[in-house]
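Same order as they appear, the protein sequences are chains A and B.
When we follow this note's numbering, the leftmost residue of the first sequence carries the number 1, and every step to the right adds one.
When we follow this note's numbering, the leftmost residue of the second sequence carries the number 1001, and every step to the right adds one.
A virtual CB, placed ideally from N, CA and C, is assigned to each residue, including glycine.
Structure first, commentary second.
Protein chains: 2
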Amino acid sequence: MASNMYLIWGSGSIPCWKAMLVLEEKGFGGYPNKLVSFSNKEHKGEDVMKLNPRGQVPTFKDGDIVVNESTAICQYLERRYADKGTKLIPDQPAEHASVLQRMFEISNIEQNMMKDYAYYMFRTKKEDQKEEVIKEKVTNAQKELAIWEGYLQASKPGNFVAGKTFSMADAFFFPFIAFSVRLGLNLDKYPAIKEYYNRVSKRDSVQKTWPPHWSTEEAKMDFMKDL
Amino acid sequence: MASNMYLIWGSGSIPCWKAMLVLEEKGFGGYPNKLVSFSNKEHKGEDVMKLNPRGQVPTFKDGDIVVNESTAICQYLERRYADKGTKLIPDQPAEHASVLQRMFEISNIEQNMMKDYAYYMFRTKKEDQKEEVIKEKVTNAQKELAIWEGYLQASKPGNFVAGKTFSMADAFFFPFIAFSVRLGLNLDKYPAIKEYYNRVSKRDSVQKTWPPHWSTEEAKMDFMKDL
Chain A
1 MASNMYLIWG SGSIPCWKAM LVLEEKGFGG YPNKLVSFSN KEHKGEDVMK
51 LNPRGQVPTF KDGDIVVNES TAICQYLERR YADKGTKLIP DQPAEHASVL
101 QRMFEISNIE QNMMKDYAYY MFRTKKEDQK EEVIKEKVTN AQKELAIWEG
151 YLQASKPGNF VAGKTFSMAD AFFFPFIAFS VRLGLNLDKY PAIKEYYNRV
201 SKRDSVQKTW PPHWSTEEAK MDFMKDL
Chain B
1001 MASNMYLIWG SGSIPCWKAM LVLEEKGFGG YPNKLVSFSN KEHKGEDVMK
1051 LNPRGQVPTF KDGDIVVNES TAICQYLERR YADKGTKLIP DQPAEHASVL
1101 QRMFEISNIE QNMMKDYAYY MFRTKKEDQK EEVIKEKVTN AQKELAIWEG
1151 YLQASKPGNF VAGKTFSMAD AFFFPFIAFS VRLGLNLDKY PAIKEYYNRV
1201 SKRDSVQKTW PPHWSTEEAK MDFMKDL
């Protein structure tokens, strides 16, 4: 519990989920927080805007220190509270490099699976969607998944995306996979990711931060079944 | 000089420039390196692919440790060589948070100025470009620049994007501004960014890493004059 902290977040937001996973892993569960509704545009509300003029969540405060970018929040917490909870970024140079590499390599998932593919499916009217455009996006998303399937296959079963223990790279990776599964992704084609997903889903920090509306509302789309 | 290190890079690549700025700031100038030509697709060549199967640059090695994502390279160098050269990420919590916030807030510049705007201008045939689409992208890019102009105006002249000294946030920010200037951006409308740009351009690390082809070849486009 960390009564000095305050998080404003939205359910199902991947950046929010990253920060929330790290807060739990570092042992700060129970921190004061506010859930905002994206559909009611509450992330553009006054309490967000005064801490974060971009009107985005997560918006985070630790005492007087305001940090809003999800990657910044995660790294700030890990370094400031280095001796608390799970060690998410290792000190030893080779392991350190490996966790950093995977943490930032995840921008490729964000680009290929979310910005290029999912956003197109979300934002383009059905009648304006072009089959050959979708086909190219599906191919790129499949290639991206195959890269991560390869990483997990090359490591021992029971391992994580950057080594033997849960690291910051997992806090960044897992929400993308869970979001993809919610959007229809069938992990049978990606057995190592499937084993990882099933195992990490049961982790305490993941259970405690699971997007609440996912438990009560079905997803409106399932286009990722095509991957 | 760091003969154990090896960098493969491309001239004018913002991610490469970030890593090169950090290498200079940490005092590793003169490290072995290889310049590849994007137009000849050398970043997909064998020597890149064996270290970085994604076929991207920067590709970087420090002894046996391979790190390829530019943000990962920068953070790896800063932490492993914490006692060398410029301290780019401060230890004190408030300053640490401020540098991290700006470092990752730069993803908004990348999105609004590069991916949404510049890539559209680069990749859409003149006859397919739509005026109202460009107008919206220009407005978003202007809003983004205004945010950073505000940050620099609010700080004292002579300061940097996250405080009084050159930090990792500057190594991430400066290449975007320099690239925008090369694409026609007139900084007269953004006087604090202009003062910053002129001052930081003269910095030793910046001079030593200036994209070599920028000195010999004119840019092919100048659409950022509209910002």
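Q. Going by DSSP, what residues sit across from residue 1009 (chain B) in a beta bridge?
A. In the second sequence, the residue the question calls residue 1009 (chain B) occupies position 9. As a beta-bridge residue in DSSP terms, residue 1009 (chain B) pairs with B:1035.
Q: Report yes if the CB atom of residue 1168 (chain B) is closer than 8 Å to the CB atom of residue 1110 (chain B), and no otherwise.
A: Taking the second sequence and counting its residues from 1, one reaches residue 1168 (chain B) at position 168. Taking the second sequence and counting its residues from 1, one reaches residue 1110 (chain B) at position 110. Not closer than 8 Å, so no.
Q. Which bits of chain A does residue 1101 (chain B) rub up against, with CB to CB less than 7 Å?
A. On the second sequence, residue 1101 (chain B) is found 101 positions in, with the first residue counted as 1. The contacting residues are 67, 68, 69 and 72.
Q: Could you please tell me which residues of the stretch 126-148 of chain A, in chain order, have their CB closer than 9 Å to any CB of chain B?
A: Of all residues in the stretch 126-148 of chain A, 147 have a Cβ within less than 9 Å of some Cβ in chain B.
Q: Sort A:176, A:98 and A:114 by Cα distance to residue 164 (chain A) and report the nearest one.
A: Locating residue 164 (chain A) in the first sequence gives position 164, where the first residue counts as 1. Ranking the options by Cα distance to residue 164 (chain A), first place goes to A:98.
(Q) Can you confirm whether residue 96 (chain A), when its beta carbon is compared against all beta carbons of chain B, has any partner nearer than 8 Å? (A) Indexing the first sequence from 1 puts residue 96 (chain A) at position 96. Chain B, which has a Cβ nearer than 8 Å to the Cβ of residue 96 (chain A), makes this yes.
Q: Check whether the stretch 1178-1197 of chain B touches the stretch 1211-1223 of chain B, counting contact only when three or more Cβ pairs, one atom from each stretch, lie closer than 8 Å.
A: Taking 8 Å as the limit for Cβ pairs, the verdict is that the stretch 1211-1223 of chain B does touch the stretch 1178-1197 of chain B.
Q: Take the Cβ of residue 118 (chain A) as the centre, count every other Cβ of all protein chains shown within 10 Å, and call the residue buried at 16 or more, exposed below.
A: Counting from 1 along the first sequence, the entry for residue 118 (chain A) is found at position 118. Around the CB of residue 118 (chain A), 16 or more other CB atoms lie within 10 Å, so the residue is classed as buried.
Q. For residue 1199 (chain B) and chain A, any beta-carbon pair shorter than 8 Å?
A. One-based indexing of the second sequence puts residue 1199 (chain B) at position 199. Chain A, which has no Cβ nearer than 8 Å to the Cβ of residue 1199 (chain B), makes this no.
Q) Among B:1003, B:1067 and B:1144, which has the Cα closest to the Cα of residue 1027 (chain B)? A) Position 27 of the second sequence, counted from the start, is the residue given in the question as residue 1027 (chain B). Of the residues B:1003, B:1067 and B:1144, the one whose Cα lies closest to the Cα of residue 1027 (chain B) is B:1003.
**Q.** Partner residues on chain D for residue 93 (chain A), Cβ-Cβ distance less than 7 Å
**A.** Protein chains in the displayed structure are A and B, and chain D is not among them.
Q. What is the DSSP secondary structure of residue 1091 (chain B), counted as helix, strand or coil?
A. Taking the first residue of the second sequence as position 1, residue 1091 (chain B) is located at position 91. If DSSP states are grouped into helix, strand and coil, residue 1091 (chain B) belongs with coil.
Q) Around the C-beta of residue 1102 (chain B), are 16 or more other C-beta atoms found within 10 angstroms, so that it is buried, or is it exposed? A) Locating residue 1102 (chain B) in the second sequence gives position 102, where the first residue counts as 1. Buried, since its Cβ has 16 or more Cβ neighbours within 10 Å.
Q | residue 198 (chain A), buried or exposed, once every other Cβ within 10 Å from all chains shown has been counted against 16 | A | Numbered from 1 along the first sequence, position 198 holds the residue referred to as residue 198 (chain A). Taking a 10 Å sphere around the C-beta of residue 198 (chain A), we find fewer than 16 other C-beta atoms and assign the residue as exposed.
Q.
For residue 1174 (chain B) and residue 189 (chain A), what's the separation of their Cα atoms in angstroms?
A. Translated into positions along the second sequence, residue 1174 (chain B) becomes position 174. Translated into positions along the first sequence, residue 189 (chain A) becomes position 189. Their Cα atoms are separated by approximately 43 Å.
Q) Does residue 25 (chain A) have its Cβ less than 8 Å from a Cβ in chain B? A) Within the first sequence, numbered from 1, the residue matching residue 25 (chain A) stands at position 25. Judged by the 8 Å Cβ criterion, residue 25 (chain A) is not in contact with chain B.
Q: Closer than 8 Å by beta-carbon distance: list the chain B residues that pair up with residue 38 (chain A), in chain order.
A: Locating residue 38 (chain A) in the first sequence gives position 38, counting from the first residue. Under the 8 Å cutoff, chain B gives no residues; its nearest Cβ is about 18 Å from residue 38 (chain A).
Q. In or out: residue 1295 (chain B) buried (at least 16 other Cβ within 10 Å) or exposed?
A. This structure cannot speak to residue 1295 (chain B), because chain B is shown only from 1001 to 1227.
Q. So which residues of chain A does residue 1105 (chain B) contact, with C-beta pairs closer than 7 Å?
A. Here the question's residue 1105 (chain B) lines up with position 105 in the second sequence. The CB of residue 1105 (chain B) comes closer than 7 Å to the CB of 69 in chain A, given here in chain order.
Q: Assign residue 55 (chain A) to one of three DSSP states: helix, strand, or coil.
A: Position 55 of the first sequence holds residue 55 (chain A). Three-state DSSP puts residue 55 (chain A) in coil, outside helix and strand.
Q | Exposure of residue 1039 (chain B), with buried meaning 16 or more beta-carbon neighbours within 10 Å | A | Locating residue 1039 (chain B) in the second sequence gives position 39, where the first residue counts as 1. Exposed, since its Cβ has fewer than 16 Cβ neighbours within 10 Å.
Q: Mark residue 57 (chain A) as exposed unless 16 or more other C-beta atoms lie within 10 angstroms of its C-beta, in which case mark it buried.
A: Indexing the first sequence from 1 puts residue 57 (chain A) at position 57. Its Cβ being crowded by 16 or more others within 10 Å, residue 57 (chain A) is buried.
Q | Status (buried if at least 16 other CB within 10 Å, exposed otherwise) for residue 225 (chain A) | A | Reading the first sequence from its first residue, position 225 is the one you call residue 225 (chain A). Exposed, since its Cβ has fewer than 16 Cβ neighbours within 10 Å.
Q. Shortest alpha-carbon distance to residue 1134 (chain B) belongs to which of B:1115, B:1062, B:1146 and B:1152?
A. Residue numbering aside, residue 1134 (chain B) sits at position 134 when the second sequence is read from its first letter. The residue with the shortest Cα to Cα distance from residue 1134 (chain B) is B:1115.
Q: Return the residue from the list A:46, A:41, A:60 and A:105 that minimises the CA-CA distance to residue 16 (chain A).
A: In the first sequence, the residue the question calls residue 16 (chain A) occupies position 16. Each of A:46, A:41, A:60 and A:105 was checked against the Cα of residue 16 (chain A), and the nearest Cα belongs to A:60.
Q.
Could you give the first and the last residue of the continuous beta strand (DSSP E) run that contains residue 65 (chain A)?
A. Along the first sequence, read from residue 1 onward, the residue named residue 65 (chain A) stands at position 65. Following the DSSP letters along the chain, one finds residue 65 (chain A) inside the beta strand (DSSP E) bounded by residues 65-67.
Q: Can you grab the Cα-Cα spacing for the pair residue 1207 (chain B) / residue 1068 (chain B), in whole Å?
A: Numbered from its first residue, the second sequence carries residue 1207 (chain B) at position 207. Numbered from its first residue, the second sequence carries residue 1068 (chain B) at position 68. In this structure, the CA atom of residue 1207 (chain B) is about 23 Å from the CA atom of residue 1068 (chain B).
Q) Given that residue 1075 (chain B) touches chain A, what residues does it touch there, using C-beta distances under 7 Å? A) By 1-based counting over the second sequence, the position of residue 1075 (chain B) is 75. Under the 7 Å cutoff, chain A gives 100.
Q) How big is the Cα-Cα spacing for residue 1083 (chain B) and residue 1062 (chain B)? A) Position 83 of the second sequence, counting from 1, holds the residue named residue 1083 (chain B). Position 62 of the second sequence, counting from 1, holds the residue named residue 1062 (chain B). Taking the straight line joining both Cα atoms gives about 17 Å.
Q: Report the option in A:100, A:66, A:53 and A:74 whose CA atom is closest to the CA atom of residue 1094 (chain B).
A: Counting from 1 along the second sequence, the entry for residue 1094 (chain B) is found at position 94. Of the candidates A:100, A:66, A:53 and A:74, the one whose C-alpha sits nearest the C-alpha of residue 1094 (chain B) is A:66.
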